[in-house]
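Per the numbering used here, the sequence shown starts with residue 2, numbered consecutively.
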Amino acid sequence: MKKYLLYLLILLLPISIKALTYPEINSKKAIIYDLTTNEVIYEKNSEDVTSIASLTKIMTTITAIENIKDLEEKVTITKEMLNQVRWDASIAGLKVGDVVTYRDLLYASILPSGADATIALAVSTSGSVNNFVKKMNAKATELGLSKTHYVNVTGLDAPTHQSSAKDVLNLLLYCLKNPLFKEIYTTKQYTLSNNLAVYSTLRSYSSNGINTSRILGSKTGFTLEAGVCISALFNSDNHDYLMVLLNAERIDNKSYNIIDALDLIKFIDENYNNITLIKKDEVVKTIKVKYGDSKTYNLKALEDVTLFLPSDYNKELLKIEYDGLDTISYKTKEKSLIGTIKYYYDNNLLKEDKIYLNEQIKFNLLTFIKDNIISIVTIFIIVIIILIVYMKICTKKKLERS
């Protein structure tokens, strides 16, 4: 159980929602997660329970992966397996008598969303679909997916077969740690060992003139109850993101799961960037100089301080903390440590610089006099008074002798 604690902790992560106004989307439930910064950047009804259609096969596939000992072991497709495939389910195209590997079935489950492949996986690894579904629900419990319950391995609508956008996201965060799952999830085309070519369901959208190249990996789904759904991996400005969109509509042959996904990707492209909060050589602190040519010494940023932020980021959340000398003088040695500067955004430490004196402070007599004029005048007056008194004493002594 210990190895899953990391993934369970994801459920407890604080959700950080930015103030940007996201575009209106058709999907009724949604969540977007920045994998690079480990934060939720957008959500809409993300914890509502709903049907998730073929996004179910994400759990089917990872459960199978974790129960398969030899990926190259052969599996014969039987009539019993295919008889359990409902007429309205999407299929990979497997036929009775086909001999394929477990690896083949895993690809056929995700890419074309093959119900024939998922049922073959369930029966061949667990003896029956029911036994396999029990393992799926056990995994959901293990991962803390409290809104999730499975009744079948395909995602077809059934009472209590349900999940939420957030649960699907957290499941994907777990699954993508598995190298084989990630390889399958991000593959667009694969040829099974029986020479059957299978393609990502994104291909059908691309054939309709929609450019889906920005989506690096995905699992789509559709049922009458769930609507059109998608989970997607994409990259924007060197940040990887996971997106889960549920319960969108298909209107006039337009699938709003894809339309919503591409609109949100475009929005993130345009509104999230690496922003330079502090520029290199920008003065971040000024300290006093005693007896030098200048009265102050500027502490400067050693390099740019940047952070990936939305375009409407709050500048007041940037804070600079200095810990070091308040005053330096000609006695301060060149290249000696002056202090440390820390840069924070929203109380998170971004960078820490140690600042060293990069030039020798020259002694300036005029500045010394100006800075100490009162003391000098006072001492001068005292000396004069002492001299006058001394001279008077000496004069008095001379008169006494005479």
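Glycine included, C-beta positions come from ideal geometry on N, C-alpha and C.
- Contact annotation, LEU122 with LEU106: C-beta distance approximately 5 Å; criterion of less than 8 Å satisfied.
- In this structure, PRO24 lies near PHE268, with their beta-carbon atoms less than 8 Å apart.
- With 16 or more neighbouring CB atoms inside 10 Å of its own CB, THR221 falls in the buried class.
- Sequence-distant partners of LYS140 (beyond 5 residues in either direction) whose C-beta falls short of 6 Å from its own C-beta, in its chain, are THR64.
- Here the stretch 254-269 does not lie against the stretch 45-57, with fewer than 3 beta-carbon pairs under 8 Å apart.
- Closest by C-alpha distance to ASN275, out of ILE266, LYS289, VAL306, LYS296, is VAL306.
- Following the DSSP letters along the chain, one finds THR38 in no alpha helix (DSSP H), marked with neither H nor E.
- In the pairwise beta carbon analysis, the stretch 246-260 is classified as not touching the stretch 273-290: fewer than three pairs are separated by under 8 Å.
- Comparing alpha carbon positions, the residue from ILE329, ILE42, LEU400, ASN39 closest to LYS363 is ILE329.
- Counting along the chain, no alpha helix (DSSP H) covers ASP354; the unbroken beta strand (DSSP E) around it starts and ends at 349-357.
- Here GLN361 is exposed: its Cβ has fewer than 16 other Cβ atoms, across all protein chains shown, within 10 Å.
- LEU246 and THR149 have their C-alpha atoms spaced approximately 16 Å apart.
- In the DSSP assignment, TYR346 falls within the unbroken beta strand (DSSP E) covering 338-346.
- The three-state reading of DSSP puts LYS70 in coil, since its state is none of H, G, I, E or B.
- Here the alpha carbons of VAL290 and TYR298 stand approximately 6 Å from one another.
- Pairing ASP49 with SER194 gives a Cβ-Cβ distance that is not under 8 Å.
- With respect to the 8 Å criterion, LEU351 and LEU308 are classified as neighbours on the basis of their beta carbons.
- Below 8 Å, too few C-beta pairs join the stretch 37-47 and the stretch 128-139 to call them touching: fewer than three.
- Judged by DSSP secondary structure, GLU271 falls within the alpha helix (DSSP H) whose first and last residues are 257-272.
- Residue pairing of ASN236 in beta bridges, as defined by DSSP: ASP241.
- Residue pairing by DSSP places LEU247 opposite LYS30 in a beta bridge.
- For GLU283 and ILE374, the gap between their C-alpha atoms comes out near 35 Å.
- With contact defined as three or more Cβ pairs closer than 8 Å, the stretch 233-248 and the stretch 204-221 are in contact.
- Cβ atoms of HIS162 and ASN171 stay farther apart than 8 Å, at about 18 Å.
- With contacts defined as CB atoms closer than 8 Å, LYS320 and THR341 fail to qualify as a contacting pair.
- By the Cβ-count criterion, ASP35 is buried, with 16 or more other Cβ atoms from all chains shown falling within 10 Å of its own Cβ.
- Rounded to the nearest angstrom, the gap between the Cα atoms of THR379 and ILE386 is 10 Å.
- The criterion of a C-beta distance shorter than 8 Å is not satisfied by LEU278 and TYR345.
- Annotation: the continuous alpha helix (DSSP H) that includes PHE182 extends over 180-186.
- Within the model, the alpha-carbon separation for ILE92 versus ASP313 is close to 45 Å.
- In this structure, ILE78 places its C-beta atom within 8 Å of the C-beta atom of VAL97.
- Per DSSP, reduced to three states, the secondary structure at THR142 is helical.
- As computed with DSSP, TYR191 is found in a beta bridge with VAL199.
- VAL124 and THR187 have their C-alpha atoms some 26 Å from each other.
- In this structure, the CA atom of GLU322 is about 5 Å from the CA atom of LYS343.
- Here the alpha carbons of LYS332 and VAL285 stand approximately 23 Å from one another.
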